[in-house]
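What follows is one structure encoded as structure tokens, with my remarks underneath.
Numbering (our numbering), first residue to last: 2 to 296.
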């Protein structure tokens with residue numbers, strides 16, 4: 002079993018080396034193996050996954066669409082395998098062996114608060130917090146790369162367990178005093194900080210500021226977006242919890258009459274997980290933390 006696992010990880014390492022170097026030859030040099038071995042490992046991996054991971058051409062080797070989707074999972078498996086091989090797993094007696102993740106960057110802070118809550122209330126720390134928002138969180142749980150994730154959107158007909166948490170309230174803020182009428186009249190002159198919060202957010206936003214009428218920049222990370230707004234100026238929808246102190250200090254203003262946007266907040270986990278006791282602890286913490294934020 003150990004040899005099979007090592008062979009699979011060798012293939013993962015080889016896949017990531019090709020992705021990083023852009024060629025089979027470069028991967029062979031980096032891993033100090035022959036190019037024939039590189040080709041053989043990738044052939045086996047592609048056969049096991051039933052997909053082509055690379056596109057080969059005169060310009061070099063690049064990831065296929067399937068390879069691009071597979072890459073974050075491969076990186077996660079590599080990270081976990083290195084942790085186990087390092088011997089650090091022997092120190093997990095003082096940890097809850099949970100791997101936690103969040104779909105949206107606005108919940109990075111919630112993951113940190115949950116880790117601290119678990120340490121203070123349960124006396125143990127989670128194994129890891131996942132910050133890769135490009136990862137499909139539901140798929141990561143289904144494939145047992147992560148144990149518990151916080152999401153806004155749940156796949157249809159999913160077999161995962163869903164726990165409803167209090168929704169996230171987003172408020173429209175600006176660096177200057179404005180009303181909803183002002184921004185609707187001057188939308189093309191005011192920069193809108195558009196964050197990647199998913200379909201539910203996009204539909205709600207469209208009803209407030211139609212897409213074709215606004216000048217906007219798209220940012221994938223809420224903390225980056227807030228810093229951009231604070232430094233450059235403009236407007237954007239942000240979680241109230243993120244902007245509360247800036248509002249109190251007068252650095253930002255809530256745009257008058259602009260309706261809030263509420264994002265669903267849900268926890269997903271596998272129904273047959275062996276970490277059910279630890280997940281129940283984490284859910285207790287999440288309900289308490291989200292309840293405090295909502296209040």
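We treat Cβ as the ideally placed atom computed from N, Cα and C, and that holds for glycine.
Straight-line CA distance for residue i to residue j?
{"i": "residue 54", "j": "residue 83", "result": "23 Å"}
{"i": "residue 198", "j": "residue 36", "result": "43 Å"}
{"i": "residue 93", "j": "residue 125", "result": "Residue placement at residue 93 is poorly supported in this model, since its pLDDT is 47, which falls under 50; the coordinates are not used for a value here."}
{"i": "residue 27", "j": "residue 233", "result": "42 Å"}
{"i": "residue 188", "j": "residue 103", "result": "32 Å"}
{"i": "residue 43", "j": "residue 245", "result": "50 Å"}
From the options, pick the residue whose C-alpha is nearest to that of residue i; which is it?
{"i": "residue 253", "options": "172, 106, 21", "result": "172"}
{"i": "residue 261", "options": "206, 243, 277", "result": "206"}
{"i": "residue 273", "options": "143, 73, 236, 233", "result": "143"}
{"i": "residue 238", "options": "226, 109, 47, 43", "result": "226"}
{"i": "residue 288", "options": "267, 276, 202", "result": "267"}
{"i": "residue 46", "options": "34, 31, 72, 32", "result": "72"}
{"i": "residue 156", "options": "231, 200, 216", "result": "200"}
{"i": "residue 166", "options": "264, 80, 129, 230", "result": "264"}
{"i": "residue 231", "options": "248, 215, 67", "result": "248"}
{"i": "residue 153", "options": "21, 68, 24, 202", "result": "202"}
Would you say the beta carbon of residue i comes nearer than 8 Å to a heavy atom of the ligand ZN?
{"i": "residue 239", "result": "Inclusion of the ligand ZN in the displayed structure is not the case, the ligand content being empty and no account of it being possible."}
What span of residues does the alpha helix (DSSP H) with residue i cover, start to end?
{"i": "residue 110", "result": "109 to 118"}
{"i": "residue 26", "result": "25 to 32"}
{"i": "residue 45", "result": "36 to 50"}
{"i": "residue 182", "result": "181 to 186"}
On the DSSP letters alone, give me the boundaries of the beta strand (DSSP E) that residue i sits inside.
{"i": "residue 163", "result": "162 to 175"}
{"i": "residue 64", "result": "61 to 64"}
{"i": "residue 216", "result": "216 to 220"}
{"i": "residue 151", "result": "149 to 152"}
{"i": "residue 192", "result": "192 to 196"}
Quick one: complete alpha helix (DSSP H) runs, 4+ long, within the stretch 227 to 281?
Inside the stretch 227 to 281, DSSP marks whole alpha helix (DSSP H) runs of 4 or more residues at positions 241 to 250, from first to last along the chain.
Alpha helix (DSSP H) segments (min. 4 residues) lying fully within the stretch 121 to 146:
The stretch 121 to 146 contains these whole alpha helix (DSSP H) runs: 138 to 143.
Three or more beta-carbon pairs under 8 Å between the stretch 234 to 251 and the stretch 173 to 180, yes or no?
Verdict: yes, contact present.
Meets three-Cβ-pair contact criterion under 8 Å: the stretch 148 to 160 and the stretch 273 to 283:
Touching, per the Cβ criterion.
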